[in-house]
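Be aware that the sequence shown starts at 53, since it is given in my numbering, and climbs by one per residue.
For each residue, glycine too, the CB sits at the ideal point set by N, CA and C.
Below is one structure, written out as structure tokens; comments come after it.
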Amino acid sequence: MDGEGMGEEGILKNLALGIFYQDMGYSKDALQELKYVLRVQPDNKTALVYSALAYTQEGNYKEAESLLNRALIIDSSYAPIYSAFATVFFRRNLYDEAVLYANQALEISPNDKQALLLLGDLHYQRRRPQYALIYYERAVAAYPDEVQPRLKCAACLATLGRLQDALYELRRAIEIEPSLIETHIALGEVYETIGEHSKAVEHFENAVTLAPNNTRLLKRLASVHEKAGNLHIASQYYKKALLLNPSDCETIRLLARIRIKQNAAKDALELYQKVLKVLPDDAEAHLGTAKAYSLLGDSEKEMEHLRKAVKMQPSSASALFALARSSFKKGKLDEALKVAKKLLFMLPNDSRSLELIADVNFKMENDEEALFNYKRAILAGCRKPIVFYRVAELCERPSIIKSLGEKQARNDSIRYLREAIRLDTRFETVPPTLRSMVYRILPIERSFSLGKALMRRRFFHRLLPTEVALFENALIVRRGVMPFVKERIFPLRMLSSKSTYIKGRFFRRLLFAIAIILIAVFSILRFSASSLMSIGACLLSFAALLDSFNERHGFIIVSDSSNGRELFSLPAVPKAYEIIHHLETVSKKMQG
Numbered sequence: 053m054d055g056e057g058m059g060e061e062g063i064l065k066n067l068a069l070g071i072f073y074q075d076m077g078y079s080k081d082a083l084q085e086l087k088y089v090l091r092v093q094p095d096n097k098t099a100l101v102y103s104a105l106a107y108t109q110e111g112n113y114k115e116a117e118s119l120l121n122r123a124l125i126i127d128s129s130y131a132p133i134y135s136a137f138a139t140v141f142f143r144r145n146l147y148d149e150a151v152l153y154a155n156q157a158l159e160i161s162p163n164d165k166q167a168l169l170l171l172g173d174l175h176y177q178r179r180r181p182q183y184a185l186i187y188y189e190r191a192v193a194a195y196p197d198e199v200q201p202r203l204k205c206a207a208c209l210a211t212l213g214r215l216q217d218a219l220y221e222l223r224r225a226i227e228i229e230p231s232l233i234e235t236h237i238a239l240g241e242v243y244e245t246i247g248e249h250s251k252a253v254e255h256f257e258n259a260v261t262l263a264p265n266n267t268r269l270l271k272r273l274a275s276v277h278e279k280a281g282n283l284h285i286a287s288q289y290y291k292k293a294l295l296l297n298p299s300d301c302e303t304i305r306l307l308a309r310i311r312i313k314q315n316a317a318k319d320a321l322e323l324y325q326k327v328l329k330v331l332p333d334d335a336e337a338h339l340g341t342a343k344a345y346s347l348l349g350d351s352e353k354e355m356e357h358l359r360k361a362v363k364m365q366p367s368s369a370s371a372l373f374a375l376a377r378s379s380f381k382k383g384k385l386d387e388a389l390k391v392a393k394k395l396l397f398m399l400p401n402d403s404r405s406l407e408l409i410a411d412v413n414f415k416m417e418n419d420e421e422a423l424f425n426y427k428r429a430i431l432a433g434c435r436k437p438i439v440f441y442r443v444a445e446l447c448e449r450p451s452i453i454k455s456l457g458e459k460q461a462r463n464d465s466i467r468y469l470r471e472a473i474r475l476d477t478r479f480e481t482v483p484p485t486l487r488s489m490v491y492r493i494l495p496i497e498r499s500f501s502l503g504k505a506l507m508r509r510r511f512f513h514r515l516l517p518t519e520v521a522l523f524e525n526a527l528i529v530r531r532g533v534m535p536f537v538k539e540r541i542f543p544l545r546m547l548s549s550k551s552t553y554i555k556g557r558f559f560r561r562l563l564f565a566i567a568i569i570l571i572a573v574f575s576i577l578r579f580s581a582s583s584l585m586s587i588g589a590c591l592l593s594f595a596a597l598l599d600s601f602n603e604r605h606g607f608i609i610v611s612d613s614s615n616g617r618e619l620f621s622l623p624a625v626p627k628a629y630e631i632i633h634h635l636e637t638v639s640k641k642m643q644g
């Protein structure tokens, strides 16, 4: 008590220290300073109010109310007394009384900071951020150079989705107090929300610099790096947190999760076993151990720990789904179906469970059940291309055609297949039975720029059953037999005005020319060389011979009529004529 024995100056110093300690959250130190002030000046209303707030922080509400009642007798028009009463009632979860006293404080002093923030907190806690924002903005306007109102206002704005406004408030708070850890944390969280991971990392690192031994901050920074895919850096921060608190099971679990993502199954297994030694009934650790054994290929151990995880935490959706999925992969269809149905009972609209139930029925060839559950999964929000492909495939099966009718089944098949094509950008999950149908639908559904087609053309190798794939603005031509396949891509705009001509087969024309020559020789021998028949046969054979040597390749050539340059060629077979005709029709429609 530095101010003891120093008269009025000492009292003011003790009072200022008490207020400072209380604002910083050091209630015991605040009480020590304020008690001296009250011994010297028992009617000091400011000391009474801040002492009451300190006792409230300590949980001694009875003493806090006693001091505030004393202050109320001294000056019933002093607004901080009412806002302090509101704080006491707020801490005691008596929200109606808290609102009453806070409003009374604002009637006396419309800009009372404590009352404004408390009313904002009340609305925010009751999930009414739009009303909380009104009070927080009033506090910011009344106290523009204070950090706390801006922090609360930023949190409220972020909840409402106004992230740029939240960033503005937090940047202003940083300008006011650059060394405040809470501001850097809040900025990091907002930047993480909007996807700017580099800036989020920067502010979390600033917070860690200000508090290097704060394990909570180290773990938070590690999680940001983990989300950004920087697994090695994330593991380093988790290790730092473990050095500060080696027995923290949560940090050990988080580090083990990183090891799983890095496919370091043995390291992950060791870490999870450390957790299980301390917490043998920890469901999350059993689940992680199962993942590690799955990577190691030990299916029996994996199933053992999955069953333990479900036993320890029967309502854990992640554990139930992992057990069902693992059972399905190992061919235990009955167990997979049973667990998936249990999960669906807990979460009636869970798309993962519905998809898994459908997969099991698909495997068991229960077509109608599979179709029903796949459609339910889609309605529940599943957007996996394989699910749409499966529905399309099921609609082509005789049992479904018989159930729905041929027309309805066909329409459903095409509708779901089109949606699958829209979702599946790389054609990685197309069932072999649907490839020809995909080829027929692609010209209508897909539109690639030439650049995208060039980048993705390698994905068409195993998809297309024919030599030509037509898209809305590009054409792919494949020729040859694997592995000697040549491939070219052409934009359809080059086909808007084209000329075609046929180069006949060389050997067929050569044989025809030889036949005519033989006829000419026979005519000369039988008749005279000057006879009309001999002359005609000679001319015809000469023309046929020239024609056979002039056009020796049997291909249809498509060229650009504007410059005569060859675009592509196709074997001169009836199918090629159909393709050319189709190209002409589509090209005209596109140009129109």
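Under 9 Å between C-beta atoms of residue i and residue j
{"i": "residue 273", "j": "residue 253", "result": "yes"}
{"i": "residue 304", "j": "residue 318", "result": "no"}
{"i": "residue 89", "j": "residue 63", "result": "yes"}
{"i": "residue 471", "j": "residue 440", "result": "yes"}
{"i": "residue 212", "j": "residue 223", "result": "no"}
{"i": "residue 151", "j": "residue 108", "result": "no"}
{"i": "residue 164", "j": "residue 132", "result": "yes"}
{"i": "residue 373", "j": "residue 323", "result": "no"}
{"i": "residue 262", "j": "residue 292", "result": "no"}
{"i": "residue 385", "j": "residue 415", "result": "yes"}
{"i": "residue 203", "j": "residue 225", "result": "yes"}
{"i": "residue 116", "j": "residue 105", "result": "yes"}
{"i": "residue 11", "j": "residue 320", "result": "This structure gives no information on residue 11, because the portion of the chain shown stretches from 53 to 644."}
{"i": "residue 187", "j": "residue 156", "result": "no"}
{"i": "residue 174", "j": "residue 153", "result": "no"}
{"i": "residue 307", "j": "residue 338", "result": "no"}
{"i": "residue 142", "j": "residue 120", "result": "no"}
When the options are compared against residue i, the one with the closest alpha-carbon
{"i": "residue 435", "options": "171, 475 and 467", "result": "475"}
{"i": "residue 368", "options": "342, 335, 443 and 194", "result": "335"}
{"i": "residue 315", "options": "348, 424 and 566", "result": "348"}
{"i": "residue 412", "options": "427, 390, 154 and 209", "result": "390"}
{"i": "residue 194", "options": "431, 162, 481 and 230", "result": "162"}
{"i": "residue 423", "options": "396, 149 and 451", "result": "451"}
{"i": "residue 144", "options": "483, 307 and 110", "result": "110"}
{"i": "residue 467", "options": "225, 135 and 444", "result": "444"}
{"i": "residue 189", "options": "103, 168 and 233", "result": "168"}
{"i": "residue 208", "options": "345, 289, 395 and 178", "result": "178"}
{"i": "residue 130", "options": "142, 118 and 159", "result": "159"}
{"i": "residue 469", "options": "438, 449, 346 and 456", "result": "438"}
{"i": "residue 232", "options": "210, 248 and 257", "result": "257"}
{"i": "residue 97", "options": "80, 82 and 128", "result": "128"}
Exposed unless 16 or more other CB atoms sit within 10 angstroms - verdict on residue i
{"i": "residue 284", "result": "exposed"}
{"i": "residue 137", "result": "buried"}
{"i": "residue 66", "result": "buried"}
{"i": "residue 75", "result": "exposed"}
{"i": "residue 381", "result": "exposed"}
{"i": "residue 166", "result": "buried"}
{"i": "residue 517", "result": "Confidence at residue 517 is low in this model, with a pLDDT of 34, below 50, so its placement is unreliable and no value can be given for it."}
{"i": "residue 485", "result": "exposed"}
{"i": "residue 500", "result": "Residue confidence for residue 500 is low, a pLDDT of 38 falling below 50, so the modelled location carries little weight; the figure read from the coordinates is stated next. Flag for residue 500 reads buried."}
{"i": "residue 646", "result": "Because the chain is modelled from 53 through 644, residue 646 falls outside the range shown and cannot be assessed."}
{"i": "residue 398", "result": "exposed"}
{"i": "residue 330", "result": "exposed"}
{"i": "residue 454", "result": "exposed"}
{"i": "residue 577", "result": "exposed"}
{"i": "residue 465", "result": "buried"}
{"i": "residue 21", "result": "Nothing can be reported for residue 21, as the shown portion of the chain is limited to 53 through 644."}
{"i": "residue 100", "result": "buried"}
{"i": "residue 25", "result": "Lying before the first or after the last residue shown, residue 25 is absent from the chain, which here runs from 53 to 644."}
{"i": "residue 250", "result": "exposed"}
{"i": "residue 546", "result": "Low confidence applies to residue 546: its pLDDT is 41, below 50, so where it sits in the model is not reliable enough to give any reading."}
{"i": "residue 61", "result": "exposed"}
{"i": "residue 549", "result": "Because the pLDDT of residue 549 is 39, which lies under 50, any placement of that residue in the model is unreliable, and the question is left without a value."}
Cβ separation of residue i and residue j, assumed to be a contact under 8 Å, to the nearest whole Å
{"i": "residue 206", "j": "residue 191", "result": "With a Cβ gap of about 12 Å, residue 206 and residue 191 do not count as contacting."}
{"i": "residue 361", "j": "residue 371", "result": "4 Å"}
{"i": "residue 290", "j": "residue 312", "result": "In fact, because the Cβ distance is near 13 Å, the residues do not count as touching under 8 Å."}
{"i": "residue 428", "j": "residue 406", "result": "5 Å"}
Residue-chain proximity (residue i, chain D), Cβ-Cβ < 9 Å
{"i": "residue 146", "result": "Absent from the structure is chain D; it holds one protein chain and no more."}
Heavy atom of the ligand FMN within 8 Å of residue i beta-carbon
{"i": "residue 99", "result": "The ligand FMN is not part of the structure shown, which contains no ligands of any sort."}
- request: Give, in chain order, every unbroken run of the alpha helix (DSSP H) that is at least 4 residues long and sits entirely within the segment 170-240.
  value: Here the runs fully enclosed are 181-194, 199-211 and 215-228.
- prompt: What alpha helix (DSSP H) runs, 4 residues minimum, are completely inside the segment 293-358?
  reply: Taking only runs of at least 4 residues, the alpha helix (DSSP H) segments lying wholly in the segment 293-358 are 301-313, 317-330 and 335-348.
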